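Have a look at the structure below before the remarks.
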Amino acid sequence: MELSAGARDRAAGVLLGQAIGDALGVPYEFAAPVKAGEARMIGGGLGPYAPGEWSDDTQMALCIAQVAAAGADLTTDDALDAVAEAFIGWKGHGASDIGRQTATVLARASARDAGTRLSHRMTAVSMELAQDGRAGNGGLMRTAIVGLSALDSAEQTALAAARVSALTHAEARCVDSCVLWSLAVRNAVLTAALDLRGGLAYLPAERRGRWEEWIAEAETKDPSTFTPNGYTVTALQAAWSAIVATQTVAGPDHVSAALHLAISIGDDTDTVAAIAGGLLGARWGAERLPREWVDQVHGWPGLNAADLTRLGLAVAGTPLA
Ligand SMILES: [Mg+2]
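Right, here's the structure in full:
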């Protein structure tokens, strides 16, 4: 679809915003918490990572981005197979760290009957694991880019978010969190507004009420409440509470204020900041992301900030000429 110059810049900001949050949060993942404002892109973390290097959250988002950038429709089996293949390839050749559930799903799906589609095998394993009630943040951490994959349709966006999540995280709360966040990203790109409730209409009716409560909690309780945040619901709440609590910061300084606050919550810092960063990038755009951080971010597979903005635009269907 045709995008305004502003919407194009916001589309370009999605992967870049996510990567900035990720790389800024990496040094503090599961480590001693830092105060808001103290986080620096010093690397380390679980990788260990170089300063400015993003982690598995953005690596997996890039697997999705590369499939969608080639024009594939993320609601189709063929595209989901390509994403699944990309995840497997990443695990073998790029993953500097990997979440427990994702590792389990990729390993078990690879070992199963190769006569069925890889995406179906992965989703089947993921649904089996969902029976245990696990609802980790591994789908949510990579979902922002899905918000660019069908800008002309909220329904298609919601379906793509659900299917991409279910490749590794099929539990209902995982899927719902991805639907809500991807729709919020899509809306921010199109309207420059931050609205998480707009996606509620795309959840099954019986689950909307619970999500309304969780969103309201995120908007009223102190952000520090939302830890531990390996759980997809508290991860979403942590990211949203950090964004909402800093909305009084005028202009693009909102980005750094929100990311610093998100990281100060502690626990899964890179993931919470990656989630928040994807939406903040969609709201404020690539041009207004903090330059100091933009200049430093890089990571697998050998990409930098300019590559991320190019990929974001390609996923949005408006590649650079
Ligand atoms: Mg990570």
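To convert, note that position 164 of the sequence shown is 253 in the numbering used here; the numbers rise steadily by one, no gaps.
For each residue, glycine too, the CB sits at the ideal point set by N, CA and C.
If you're wondering where the values come from, they're calculated on a predicted model, not measured in any experiment.
- Task: Check whether the Cβ of LEU240 lies closer than 8 Å to any heavy atom of ligand 1, and answer yes or no.
- Result: Flag unset: Cβ of LEU240 not near ligand 1.
- Residues whose Cβ lies closer than 5 Å to any heavy atom of ligand 1, in chain order: Ordered along the chain, the selected set is SER144, ASP145, ASP146 and ASP359.
- With contact counted as at least three CB pairs below 8 Å, one residue from each stretch, are the segment 115–125 and the segment 203–212 in contact? With contact defined as three or more Cβ pairs closer than 8 Å, the segment 115–125 and the segment 203–212 are not in contact.
- Query: Assuming ARG97 contacts THR323 under a Cβ cut-off of 8 Å, what Cβ separation, rounded to an integer in Å, is found between them?
  - Reply: Not really, about 33 Å apart at Cβ, beyond 8 Å.
- What are the partner residues of HIS387, as DSSP defines its beta bridges? Among the bridge pairs identified by DSSP, HIS387 is matched with GLU142 and ASN393.
- Are GLN385 and PRO137 close, meaning C-beta to C-beta below 9 Å? Not a contact, by the Cβ cut-off of 9 Å.
- Going by Cα to Cα distance, which pick from THR280, ASP111, GLY181 and LEU369 is closest to PRO341? With distances taken between Cα atoms, PRO341 lies closest to LEU369.
- Query: Does the segment 144–164 touch the segment 225–236, meaning 3 or more C-beta pairs lie closer than 8 Å?
  - Reply: Look at the beta carbons and you see the segment 225–236 touching the segment 144–164: at least three pairs across the two are nearer than 8 Å.
- Item | According to DSSP, residues forming a beta bridge with GLY133 | DSSP lists TYR138 as partners of GLY133.
- If you count every other CB in all the chains shown that lies within 10 Å of the CB of GLY298, and 16 or more means buried, which is it? Exposed.
- Three-state secondary structure (DSSP) at GLY288? Here GLY288 carries a helix assignment [DSSP, helix/strand/coil].
- Query: Secondary structure at GLY225, three-state DSSP: helix, strand or coil?
  - Reply: Judged by DSSP in its simplified three-state form, GLY225 adopts strand.
- Message: Against chain B, with Cβ distances strictly below 9 Å, would ARG189 count as a contact?
- Response: Here chain B cannot be found, since the structure has a single protein chain.
- Leaving out five residues on either side along the sequence, give the residues of the same chain with a beta carbon under 7 Å from the beta carbon of ALA171. Excluding residues within five positions, the ones whose Cβ falls inside 7 Å are VAL156 and ALA161.
- Expressed to the nearest angstrom, what Euclidean distance is found between the alpha-carbon atoms of LEU289 and ARG275? Rounded to whole angstroms, LEU289 to ARG275 spans 14 Å at the Cα level.
- Message: Among LEU269, HIS258, ALA259 and GLY102, whose alpha-carbon lies nearest the alpha-carbon of GLU244?
- Response: Just measuring C-alpha positions, the residue of LEU269, HIS258, ALA259 and GLY102 sitting nearest GLU244 is LEU269.
- Apart from the five residues just before and just after TRP382, which ones in its own chain have a Cβ nearer than 7 Å to its Cβ? Once the five neighbours on either side are set aside, the close Cβ partners of TRP382 are ILE109, LEU113 and MET130.
- Can you list, in chain order, the residues of its chain whose CB lies under 7 Å from that of LEU104, leaving out five sequence neighbours each side? Cβ within range, chain order: ALA150, ALA154, ILE234, LEU397, LEU400 and GLY401.
- Message: Could you give the first and the last residue of the continuous alpha helix (DSSP H) run that contains LEU256?
- Response: DSSP places LEU256 outside any alpha helix (DSSP H), giving it a letter other than H or E.
- Do THR212 and ARG262 come within 9 Å of each other at the CB atom, strictly closer than that value? The Cβ atoms of ARG262 and THR212 lie no closer than 9 Å to each other.
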